[in-house]
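Here the sequence shown stands for residues 2 to 291, numbered as in my numbering. Backbone N, C-alpha and C fix where the C-beta goes; we use that ideal spot for every residue, glycine too. Here the structure is a predicted model, which is why all the values come from computation and not from measurement. The structure under discussion appears below in the form of structure tokens.
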Amino acid sequence: MTVSDPVVEAVVSTVCRTATEIRQGLIGRRNTVDEANPSGETQVEADVWADDLLADRLSSIDGVGQYASEERSDVLDCGGDPDTETDAYAVAVDPLDGSSNLRSNNSMGTIVGVYDASLPARGDALVAACYVLYGPVTTMVLATEETVTEYELTGGERTIVRRDVTLPDEPVVYGFGGRVPNWTDAFSEYAREIERELKLRYGGAMIGDVNQVLTYGGIFAYPGLESRPEGKLRLQFEGNPIGYIVERAGGRSSDGERSLLAVEPNDVHGRTPLFVGNTDLIDRLEAALE
Ligand code: FDP
């Protein structure tokens with residue numbers, strides 16, 4: 002199934018093609034490099050390499066006016082202003098989400114958001130978002146204005162495995178990031194309730210953990226911490242695209258007070274507390290944090 006907007010389709014098919022190469026190219030690129038990314042986190046060779054590959058390919062698509070990534074400080078201007086030109090978009094990418102899992106050989110992903118606005122932008126300016134999950138099988142979940150679809154990727158091609166993806170009504174799993182002593186009292190109290198209702202599934206890569214929520218129903222959270230009230234995850238590259246996908250699949254996203262898609266960004270690399278999952282679990286979370 003191709004996406005009706007030709008620029009979005011070009012982005013998605015380029016990501017499919019590149020994801021297959023990224024997966025192959027992880028071999029031999031698991032060591033850390035001396036640089037830190039703009040958020041001050043350690044990079045591995047694969048982070049830098051995957052970013053260069055995606056920047057090169059995505060920025061040369063006609064209609065992609067900006068390319069931004071978690072791994073580079075500045076937004077790349079590729080010609081075309083998403084704010085004034087109707088057929089120009091900005092693409093924000095987390096090339097390897099959960100790359101600290103490379104060392105232990107656990108799952109990771111690539112996240113892409115296509116914004117009809119220049120960056121930094123609110124999540125409600127997204128027109129599509131997708132993620133690739135490098136698990137035992139390489140899959141992609143793509144959300145557009147119309148629907149959410151899950152694909153398997155082989156040889157750069159995508160094959161549909163689930164149409165009109167929605168969160169199951171009965172939630173089963175939860176995964177909460179951050180160290181427990183660093184959680185706020187209000188979040189800890191909410192977590193104690195959820196632990197009695199759902200099954201723990203935390204793998205340390207947001208994409209892997211969110212994919213469990215989309216498959217089984219439940220909640221994923223990386224909350225604001227006592228030592229870091231803004232949390233760990235980035236709004237432009239992680240919060241908005243994942244919020245968009247989960248909301249399109251019938252769930253909710255939140256920064257603790259409002260939909261992630263309604264959060265005003267202040268910086269391309271800005272962070273946010275992040276909560277996504279079944280609607281009633283996010284409603285209860287917001288009530289608990291009030
Ligand atoms: P990573 O640092 O490995 O890139 O993007 C940040 C992220 O992974 C998320 O994918 C993941 O959910 C989170 O950080 C894991 O953080 P913890 O190590 O604190 O659990």
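#1: Out of curiosity, what's the CA-to-CA distance linking D166 and Y132?
#2: For A250, name the three-state secondary structure that DSSP assigns.
#3: How is V173 classed by DSSP in three states: helix, strand or coil?
#4: What is the residue span of the beta strand (DSSP E) that P230 lies within?
#5: Leaving out five residues on either side along the sequence, give the residues of the same chain with a beta carbon under 8 angstroms from the beta carbon of E218.
#6: Any heavy atom of ligand 1 inside 7 angstroms of the beta-carbon of N279?
#7: In three-state terms, what does DSSP make of R163?
#8: On the criterion of 16 or more Cβ atoms from any shown chain inside 10 Å, does K1 qualify as buried, or is it exposed?
#9: My understanding is that Y90 touches V128, with C-beta atoms under 8 angstroms, so please give their C-beta distance in whole angstroms.
#10: Quick one: is E231 buried, meaning 16 or more other Cβ sit within 10 Å of its Cβ, or exposed?
#11: Can you check which of these residues, Y191, N183, R259 and Y245, is closest to L226 by C-alpha distance?
#12: Smallest Cα separation from R31: which of V45, E22 and N38?
#13: Answer yes or no: the CB of L55 versus the heavy atoms of ligand 1, is any distance below 7 angstroms?
#14: Out of Y116, L97 and L234, which has the shortest C-alpha to C-alpha gap to D82?
#15: Looking only at C-alpha atoms, which of V92, E198, L134 and V65 sits nearest to M109?
#16: I28: buried (16+ other C-beta within 10 angstroms of its C-beta) or exposed?
#17: Relative to the C-alpha of V12, which residue among G80, L143 and Q25 is closest?
#18: Within 10 Å of its beta-carbon, does M141 have 16 or more other beta-carbons around it, so buried, or fewer, so exposed?
#19: Going by beta-carbon coordinates alone, are V94 and L55 separated by less than 8 angstroms?
#20: Would A206 and G99 qualify as a contact pair, given that the criterion is a beta-carbon distance under 8 angstroms?
#21: For the structure I just gave you, are there three or more beta carbon pairs, one from the segment 230-248 and one from the segment 266-285, closer than 8 angstroms?
#22: Rounding to the nearest angstrom, what Cα-Cα distance links C79 and T139 in this structure?
#23: For M109, does the three-state DSSP call read helix, strand or coil?
#24: By alpha-carbon positions, which one of Y152, Y245, A222 and S61 ends up nearest to E146?
Taking the coordinates as given:
#1: Per the sequence presented here, residue 166 reads as Val, with Asp not at that position. Their backbone Cα atoms lie some 14 angstroms apart in a straight line.
#2: coil
#3: coil
#4: That residue, P230, is in no beta strand (DSSP E); it is neither H nor E in DSSP.
#5: A quick correction: the sequence has Gly, not Glu, at residue 218. Only L168, P169, D170, E171, P172, V173, V174, G278 and N279 meet the Cβ criterion.
#6: no
#7: strand
#8: Residue 1 is absent from the structure shown; the chain starts at 2 and stops at 291.
#9: 7 angstroms
#10: exposed
#11: N183
#12: V45
#13: no
#14: Y116
#15: L134
#16: exposed
#17: L143
#18: buried
#19: yes
#20: yes
#21: yes
#22: 29 angstroms
#23: strand
#24: Y245
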